[in-house]
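Counting the sequence shown from 1 gives a position; the numbering used here is that position plus 1.
All C-beta atoms in this analysis are idealised placements derived from N, C-alpha and C, irrespective of residue type, glycine included.
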Amino acid sequence: MITQEGRGFVLRAAQDSPWAGWAGSRFLEEGLASVHAAPGRALARLMNLAALLPGGFGLVWDHPPAWMQALPPESRQGWWEAITAIPGLSLHLGPEAVQHLPGGAFRGWVHAPEMPDGNLGEHWRQGVLGWVPATGKTWQLPDLGVTAPGEEAPPGWLWGEVSLPLVALPALASGEALVAAMSEAQGLAERGLAQRLSSGAWVDLPFSRRAVGWRVALAGGAEFLRAGGAWPQALGQLRALKALLQERLRTPIHLGACGSFQVAALLGRQALREGLPWRASLPLPPAPGAFTPGLAADPRDPVPLEARAMQPAAWPSTFDHPPVALLRVPAVPSEAGVQALLGQIQPPPAWRWLPPDLAPPGPFDPDRPWASATAFPFPADPGNGVQRGLFEDFG
């Protein structure tokens, strides 16, 4: 993996392959009698593919898993758990496919227009599944990109990812520094990939040069607001920057939010180390000089749920895929409490709950630890008006 720091941005790319990618699940049937007949070979194909992509791979399950009905429940559950245990792989399903899945420790994203309810909603509130509000015929993949329209999700790729804090956007508005760095990294990856393909060291998944793009990820939304930033102006600059990069690089640009704690911290340390103008938006010592990932408050801090899930109202017309809101709570929330919270946050981002029986995601930073689950606020249930007691944990 290549990590390059520029003035106000961090570029990550691979040396001899795309940085990340996604594809529909039907490619697992190619060259096999069926996935049901050889599930181990399908799993090996996914593992080999994810190992080539440092930025991750999104598996879009775009056909009903009817072949699984003939397998014993233990085998089905174990297969899904094995898929979602692959490092770097994220599973994306529609509500119809989720109904066929057994219980278990698998993780994934359900794409549906409305908030999950019933049995599916229970899995969502327990943190098993995340929810992505589906808005059209494309799959919007958090932290990756957006698929091309169609009944089946065609393979898509990213040359790399550029992360930048929102407060540095005016300094990068010309796009010259970004274009130069992205062009150099793309040329290196293309030459390395050509050697890989000629040597037969690629996986059994079609690679289309026209389907390769870049991802631009934003961090420091909390610092941007603290510095008095205005969302309409920033979103207008983002649209202009995206159009400029698409014109100069002649590749699709997937605009989203930065979900990496490490990259956000690296951008903060760079601003302090080099004395960049936007360092003034960072918190004062002894707080760590790091930007928060994404557009809302840091998910590691026990601030109100609305602050961790709130996003700018115009993000659907600017971003290609929704930002992720990771909401840690002291207990599994009730459906009524979640509905009340959802009524205050429109449009909703991609939501994933983190109850106390689930470990928070790593890597863990000793300078910015996760607060205890009991310190986080609980979504109020308007139906019964029950609130947690102040000394409830001291009984």
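**Message:** My parser needs the beta strand (DSSP E) runs of 3 or more residues fully inside the segment 222 to 258; what are they?
**Reply:** With a minimum length of 3 residues, the continuous beta strand (DSSP E) runs that stay inside the segment 222 to 258 are 254 to 258.
With distance defined between alpha-carbon atoms, name the residue in 115, 87, 254 nearest to residue 136. Checked all of 115, 87, 254; the closest Cα to residue 136 is 115.
Assumed close pair residue 380, residue 342 - CB separation to whole angstroms, cut-off 8 Å: So it is a contact: roughly 5 Å between Cβ atoms.
Quiz prompt | Completely contained alpha helix (DSSP H) runs for the segment 252 to 325, where each covers 4 or more residues | solution = Inside the segment 252 to 325, DSSP marks whole alpha helix (DSSP H) runs of 4 or more residues at positions 262 to 274, 306 to 310, from first to last along the chain.
Discussion item. What residue range does the beta strand (DSSP E) around residue 336 cover?
Written reply: Membership of residue 336 in any beta strand (DSSP E) is not indicated; the residue belongs instead to the alpha helix (DSSP H) covering 336 to 345.
(Q) Can you look up residue 98 in the DSSP assignment and give me helix, strand or coil? (A) In the structure shown, residue 98 sits in a helix (DSSP, three-state: H, G or I).
Under three-state DSSP, which class holds residue 4?
-> In this structure, DSSP gives residue 4 an extended state, which the three-state scheme calls strand.
| request: Over the uninterrupted alpha helix (DSSP H) stretch that includes residue 162, give me the two end residues. | output: Premise fails: residue 162 lies in the beta strand (DSSP E), 157 to 166, not in any alpha helix (DSSP H).
Please name the residue in 221, 149, 274 whose C-alpha comes closest to that of residue 170.
When C-alpha distances from residue 170 are compared across 221, 149, 274, the shortest belongs to 221.
#### Entry: Alpha-carbon spacing of residue 63 relative to residue 26, whole angstroms
About 6 Å.
Contact between the segment 314 to 329 and the segment 246 to 260 (3+ Cβ pairs under 8 Å) = Taking a cut-off of 8 Å on C-beta distances, the segment 314 to 329 touches the segment 246 to 260, as three or more cross pairs fall below it.
**OP:** Assign residue 141 to buried or exposed, taking buried as 16 or more other Cβ atoms, counted over all protein chains shown, within 10 Å of its Cβ.
**Re:** Residue 141 should be labelled buried.
I need the straight-line Cα distance from residue 8 to residue 178, nearest angstrom please. Between the alpha carbons of residue 8 and residue 178 lies a distance of about 8 Å.
(message) My assumption, with CB atoms under 8 Å, is that residue 111 sits in contact with residue 132. Please give the rounded CB distance.
(response) Sure, about 6 Å apart at Cβ, within 8 Å.
When we look at the beta-carbon of residue 363 and count the other beta-carbons within 10 Å, is it buried (16 or more) or exposed? A residue is called buried when at least 16 other Cβ atoms come within 10 angstroms of its Cβ; residue 363 does not meet this threshold and is exposed.
Exercise for the section: With DSSP collapsed to three states, give me the class of residue 134. Expected result: Assignment of residue 134 by DSSP, reduced to helix, strand and coil, places it in the strand class.
Rounded separation between residue 1 and residue 294 - CA only
Absent from the structure is residue 1, since the part of the chain shown begins at 2 and ends at 396.
Mind checking residue 300: buried by the 16 CB within 10 Å criterion, or exposed? With 16 or more neighbouring CB atoms inside 10 Å of its own CB, residue 300 falls in the buried class.
message: DSSP three-state label for residue 180, please.
response: Residue 180 sits in a helix when the DSSP states are folded into three classes.
Taking residue 355 as part of the beta strand (DSSP E), name the residues at either end of that continuous run. Unbroken beta strand (DSSP E) run through residue 355: 351 to 355.
Same chain, Cβ closer than 7 Å to residue 306, neighbours up to 5 away in sequence not counted: Residues of the same chain with a CB within less than 7 Å of the CB of residue 306, apart from the 5 flanking positions on each side, are 328, 342, 378, 380 in chain order.
Cutoff 7 Å; reference residue 85; Cβ partners in own chain excluding five residues on either side | Closer than 7 Å at Cβ, skipping near neighbours: 92, 107, 108, 109.
inquiry  = Out of 40, 42, 215, 198, which one is the CA nearest neighbour of residue 22?
reply    = Residue 215 is the option with its Cα nearest to residue 22.
### Task
Report all residues from its chain with a CB closer than 6 Å to the CB of residue 223; omit the five preceding and five following residues, and keep chain order.
Within the same chain, and ignoring the five residues on either side of residue 223 in sequence, the residues whose Cβ sits closer than 6 Å to its Cβ are 293, 298.
Nearest-angstrom Cα separation, counted from residue 153 out to residue 134 | The C-alpha of residue 134 lies about 19 Å from the C-alpha of residue 153.
How many angstroms separate the CA atom of residue 34 from the CA atom of residue 75?
Residue confidence for residue 34 is low, a pLDDT of 45 falling below 50, so the modelled location carries little weight; the figure read from the coordinates is stated next. Approximately 22 Å between the Cα atoms of the pair.
Residues in the same chain with beta-carbon distance under 7 Å from residue 386, minus the five sequence neighbours each way, listed in chain order, please.
Residue confidence is low: residue 386 scores 48 on pLDDT, short of 50, so the model does not pin down where it sits. No coordinate-derived value is stated.
message = Going by C-alpha to C-alpha distance, which of 361, 29, 336, 332 sits closest to residue 375?
response = Of 361, 29, 336, 332, the residue nearest in Cα terms is 332.
Could you name the residues that DSSP lists as bridge partners for residue 121?
As far as DSSP is concerned, residue 121 takes part in no beta bridge.
(Q) Using DSSP's beta-bridge definition, name the partner residues of residue 329. (A) DSSP lists 355 as partners of residue 329.
**Message:** Can you give me the C-alpha to C-alpha distance between residue 127 and residue 354, rounded to a whole angstrom?
**Reply:** Each residue's CA atom was taken as its position, placing residue 127 and residue 354 some 7 Å apart.
When burial is assigned at 16 or more other CB atoms within 10 Å of the CB, is residue 138 buried or exposed? Result: exposed.
Report task. Starting from residue 11, follow its DSSP beta bridges and name the residues at the other end. Result -> Answer is 6, 164.
key: Alpha carbon of residue 203 to alpha carbon of residue 156, nearest angstrom   = Straight-line Cα distance between these residues: approximately 14 Å.
Bridge partners for residue 219 per DSSP, in chain order? In the DSSP assignment, residue 219 is bridged to 165, 258.
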